[in-house]
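Asker: Have a look at this one.
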Ligand code: AMP
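Residue numbers (the working numbering): 7 to 462.
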C-alpha cells in the first residue's frame, strides 16, 4: 500500500501529516497527489469526506514550498473557490495545518463579514486565498485584488456552485486568470454542464474518480421510520432521548423548518441550534463552534448550510424531512461516518415523501430498512401498517425537480434532465455492483405491487 512518503511530498508536509495522525493516503490522495505535484491539471470526481482537500492542498503546498517567493501586493499565488463560507474556512484551516512548517500565508475572502480586514490582508499579497465567488468578485471590482499572478486555481464542489447560481461569477473569475496556470477541478457529480465547464478550464487533465456515493452509504447504518408529518416533531424529541445520540445533525428542507425544529427541541429540553442561509455569519459560526465543542448536542441544518461541514464525531444524522434530490441524501448521511468511521442515519418519511425515498433507494442502490418508532427491527410491522404505495414505476425521476430547496436557485439545469445525463454516464455504473446483489438479496425496485417498506 502507498504511504505518504512514497508520493513524493516534502518533509515539512510529512511531519504535519504525522502530527495529524494521517497514516495512509485516501484513494483520491494517492491518485491525485503525484500528477498534481508534476504540475498536471486535474479533474476530480469526489465529494467532501473522501480526503479531497488534502489531495489538492498537499501537492499545492509542496510546490509553493519549493518555490517560496513573496506574493506581490494585491495578488495571490493560489486561488481556491468554494461554494460556502464554512467550507472556505475549513479549506483554509487545512492549508494552514498541513503547511504549518512552511512560511506561507493563507487567507479567506467570503461574504457576511467586513470587507476592510480582507482588503488589508490582500494589500500585502497572500500565498493561498480561499474564496467564495460573490465576495471575490467584489474585491476584483474594487481593485483590491488582481488574479494575474495566480499559479494554481482550484474549483471545489463545482456542481454545488452551479446549484447555488454562482456559475456566472465563476466564469467571470476564470476569464481573469492567466492562461499559464495549473487548474484543479472537483465536483461530486459530473452532469453535462459541469463537464463542459471543466473542459473549458482544464488543459489535458488527469481524471481521477472516487466513488463515495455508494461507499459512504454503505458505511452508515440507515433506518427509515414512516410517520405522519404532524407527528414528526414529537417523534424527533422522543428519538433524541436516546443517550447513544451524542452528536446529531438534523436536516430539514427549509430554513423556517430548521428554526421550528430547533425551537421545538429546545422547548422540550434538548438544546438545539439552527444553521441556514438566513443566519448571519456570526450566528452560523457560533452555532458550528458550539456543535463542534459539544456544548450543543443537536444542530438543525438545511442542505446548503451543511454542505462541507466537517465535524468529527457526529454519531447520528437525522433526516427530519427527506431531500428531494437523492444526492443530497448521500451528502447528508456522509456527515456522519467521516474518515472511515461508522455512523447512523435515521430518516423520518411521511406518505408524501415516499417518491423521494424511492429515488434515494435507486440512487444508492440500497433498500433502507424501516424500523418502528421504538427502534425495534420491525420492518414487517412497519410496512404492514403503512398504506401501499400503488404508483406505477417511473422513468428517471423528474417529478421533484420543480421544487427547490434552499440554495437551489440555479437556472433550472436539473429540470428535465434524466439521471443518466446528470451523472454524465449511463445508468448507475459509478456505484459498482448493486449492494442488494452483493448481499445476495433480491429486492425488486419499482414493482408497483410492492410497498416501499416491504422486506425483500
Ligand atoms: P475532506 O474530504 O477533505 O473534507 O476530508 C474528510 C476528513 O478526512 C477530514 O476530517 C480530514 O481531516 C480527514 N482526512 C483526510 N485525509 C486523511 C487521511 N489520509 N487519513 C485520515 N484522515 C484523513
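Each residue gets a CB set at the ideal place from its N, CA and C atoms; glycine is no exception.
Along the chain, where does the alpha helix (DSSP H) that runs through residue 151 open and close?
Answerer: Taking the chain shown and counting its residues from 1, one reaches residue 151 at position 145. Element bounds for residue 151: n/a, residue is neither H nor E.
Asker: Across the segment 92-109 and the segment 7-26, are there enough close Cβ pairs to call them in contact, namely three or more that are closer than 8 Å?
Answerer: With three or more CB-CB distances shorter than 8 Å, the segment 92-109 counts as touching the segment 7-26.
Asker: In terms of alpha-carbon separation, which member of 332, 306, 63 and 299 lies closest to residue 319?
Answerer: Here residue 319 refers to the residue found at position 313 when the chain shown is read from its first residue. Comparing Cα positions, the closest option is 299.
Asker: Might you give, ordered along the chain, the residues of its own chain that have their beta carbon closer than 6 Å to the beta carbon of residue 63, omitting 5 neighbours on each side?
Answerer: Counting from 1 along the chain shown, the entry for residue 63 is found at position 57. Result list for residue 63: 100, 101 and 104, in chain order.
Asker: Can you tell me the Cα-Cα spacing of residue 24 and residue 31, whole angstroms?
Answerer: Residue mapping note: residue 24 aligns to position 18 of the chain shown, counting from 1. Residue mapping note: residue 31 aligns to position 25 of the chain shown, counting from 1. Straight-line Cα distance between these residues: approximately 12 Å.
Asker: So what does residue 215 bridge to, in DSSP terms?
Answerer: Here residue 215 refers to the residue found at position 209 of the chain shown. DSSP, once it has assigned bridges, lists 51 as partnering residue 215.
Asker: Where residue 143 and residue 164 are concerned, what is the direct C-alpha to C-alpha distance, given to the nearest angstrom?
Answerer: As a first step, residue 143 must be located in the chain shown, where it is residue number 137. As a first step, residue 164 must be located in the chain shown, where it is residue number 158. Distance between the alpha carbons of residue 143 and residue 164 is about 17 Å.
Asker: For residue 85 versus residue 176, is the C-beta spacing smaller than 8 Å?
Answerer: The sequence position of residue 85 within the chain shown is 79, counting from 1. The sequence position of residue 176 within the chain shown is 170, counting from 1. No; because the gap between Cβ atoms is not below 8 Å, this pair is not in contact.
Asker: Of the choices 229, 130 and 335, whose alpha-carbon is the least far from that of residue 79?
Answerer: For the purposes of this step, residue 79 is identified with residue 73 of the chain shown, where counting begins at 1. Residue 130 is the option with its Cα nearest to residue 79.
Asker: Please report the residue range of the alpha helix (DSSP H) in which residue 29 lies.
Answerer: Here residue 29 corresponds to residue number 23 of the chain shown, with the count starting at 1. Here residue 29 belongs to no alpha helix (DSSP H), and DSSP marks it neither H nor E.
Asker: Beta-carbon within less than 7 Å of residue 380's beta-carbon, same chain only, minus the 5 sequence neighbours each way: which residues are those?
Answerer: Within the chain shown, numbered from 1, the residue matching residue 380 stands at position 374. Model confidence at residue 380 stands at a pLDDT of 47, short of 50, so the residue's coordinates are unreliable; what they give is reported in the following sentence. Taken in chain order, the list of residues that qualify is empty.
Asker: With H, G and I counted as helix, E and B as strand and the rest as coil, what does DSSP make of residue 297?
Answerer: As a working mapping, residue 297 is identified with position 291 in the chain shown. Correct three-state label for residue 297: helix.
Asker: Where does residue 4 fall in DSSP's three states?
Answerer: Residue coverage of the chain in this structure runs from 7 to 462, which leaves residue 4 outside it and unanswerable.
Asker: Does the Cβ of residue 35 lie closer than 7 Å to at least one heavy atom of ligand 1?
Answerer: As a first step, residue 35 is located in the chain shown; it is residue number 29 there, counting from the start. For ligand 1, at least one heavy atom lies less than 7 Å from the Cβ of residue 35.
Asker: Looking at residue 340 and ligand 1, is the gap between the Cβ and the nearest heavy atom below 7 Å?
Answerer: Along the chain shown, read from residue 1 onward, the residue named residue 340 stands at position 334. No - ligand 1 has no heavy atom lying nearer than 7 Å to the Cβ of residue 340.
Asker: What number of angstroms, rounded off, separates the C-alpha of residue 188 from the C-alpha of residue 117?
Answerer: Numbered from 1 along the chain shown, position 182 holds the residue referred to as residue 188. Numbered from 1 along the chain shown, position 111 holds the residue referred to as residue 117. So the alpha carbons of these two residues sit roughly 26 Å apart.
Asker: For residue 150, collect the residues of the same chain with a Cβ closer than 6 Å to its Cβ; drop the 5 residues on either side in sequence, then sort them by chain order.
Answerer: Start at 1 with the first residue of the chain shown, and residue 150 comes out as number 144. Excluding sequence neighbours, residue 150 sits near 125 and 128.
Asker: Identify whether residue 227 lies in helix, strand or coil by the three-state DSSP scheme.
Answerer: Translated into positions along the chain shown, residue 227 becomes position 221. Reduced to three states, the DSSP call for residue 227 is strand.
Asker: In the DSSP output, which residue or residues are listed as bridge partners for residue 39?
Answerer: Residue 39 sits at position 33 when you count from the first residue of the chain shown. Beta-bridge pairing links residue 39 to no other residue.
Asker: Whole-angstrom Cβ separation of residue 339 and residue 307, contact assumed at under 8 Å?
Answerer: Locating residue 339 in the chain shown gives position 333, where the first residue counts as 1. Locating residue 307 in the chain shown gives position 301, where the first residue counts as 1. In fact, because the Cβ distance is near 13 Å, the residues do not count as touching under 8 Å.
Asker: For residue 263 versus residue 215, is the C-beta spacing smaller than 8 Å?
Answerer: Stepping through the chain shown from its first residue, residue 263 is reached at position 257. Stepping through the chain shown from its first residue, residue 215 is reached at position 209. Cβ atoms of residue 263 and residue 215: not closer than 8 Å.
Asker: Just the Cα atoms here: how many angstroms apart are residue 83 and residue 137?
Answerer: Here residue 83 refers to the residue found at position 77 of the chain shown. Here residue 137 refers to the residue found at position 131 of the chain shown. Spanning the two alpha carbons is a distance of roughly 13 Å.
Asker: Following the continuous beta strand (DSSP E) through residue 133, name the residue where it begins and the one where it ends.
Answerer: As a position in the chain shown, residue 133 is number 127, starting the count at 1. Run containing residue 133: 132-137, per the beta strand (DSSP E) assignment.
Asker: For the segment 139-209, which segments carrying the beta strand (DSSP E) assignment without a break, of at least 3 residues, lie completely within its bounds, in sequence order?
Answerer: 158-161 and 188-193
Asker: Confirm, please, whether the CB-CB distance from residue 43 to residue 68 is below 8 Å.
Answerer: Translated into the one-based positions of the chain shown, residue 68 becomes position 62. Translated into the one-based positions of the chain shown, residue 43 becomes position 37. Going by C-beta atoms, residue 68 is nearer than 8 Å to residue 43.
Asker: Quick check: the Cα distance between residue 157 and residue 360, rounded to an integer number of angstroms?
Answerer: Walking along the chain shown from the start, residue 157 turns up at place 151. Walking along the chain shown from the start, residue 360 turns up at place 354. Computed Cα separation, rounded: 48 Å.
Asker: Could you tell me which of 286, 267 and 283 sits nearest to residue 277, measuring between CA atoms?
Answerer: As a position in the chain shown, residue 277 is number 271, starting the count at 1. Closest by alpha carbon: 267.
Asker: In the DSSP output, which residue or residues are listed as bridge partners for residue 6?
Answerer: Absent from the model: residue 6. The displayed extent of the chain is 7 to 462, so no value can be given.
Asker: Under the DSSP definition of a beta bridge, which residues are partnered with residue 112?
Answerer: Translated into the one-based positions of the chain shown, residue 112 becomes position 106. Bridge partners of residue 112: 134.
Asker: For a test of the three-state rule: what should DSSP assign to residue 87, helix, strand or coil?
Answerer: For the purposes of this step, residue 87 is identified with residue 81 of the chain shown, where counting begins at 1. In the structure shown, residue 87 sits in a strand (DSSP, three-state: E or B).
Asker: Heavy atom of ligand 1 less than 7 Å from the Cβ of residue 31, yes or no?
Answerer: Translated into positions along the chain shown, residue 31 becomes position 25. It does: the Cβ of residue 31 is within 7 Å (strictly closer) of some heavy atom of ligand 1.
Asker: Mind checking whether residue 13 and residue 40 have CB atoms under 8 Å apart?
Answerer: Stepping through the chain shown from its first residue, residue 13 is reached at position 7. Stepping through the chain shown from its first residue, residue 40 is reached at position 34. Their beta carbons are under 8 Å apart, which means residue 13 touches residue 40 by this criterion.
Asker: Using 8 Å as the threshold, is the C-beta distance between residue 230 and residue 353 below it?
Answerer: Residue 230 sits at position 224 when you count from the first residue of the chain shown. Residue 353 sits at position 347 when you count from the first residue of the chain shown. Yes, the pair counts as a contact, with Cβ atoms nearer than the cut-off.
Asker: From the DSSP output, in three-state form, read off residue 306 for me.
Answerer: Here residue 306 corresponds to residue number 300 of the chain shown, with the count starting at 1. Here residue 306 sits in strand by DSSP.
Asker: Does DSSP put residue 256 in a helix, in a strand, or in coil?
Answerer: For the purposes of this step, residue 256 is taken as residue 250 along the chain shown, with counting starting at 1. In this structure, residue 256 counts as strand in the three-state DSSP scheme.
Asker: Hey, residue 155 and residue 81 are a contact pair by Cβ (cut 8 Å); roughly how many whole angstroms apart?
Answerer: Looking up residue 155 in the chain shown gives position 149. Looking up residue 81 in the chain shown gives position 75. Between residue 81 and residue 155 the Cβ distance is about 4 Å, and since that is below 8 Å, they are a contact.
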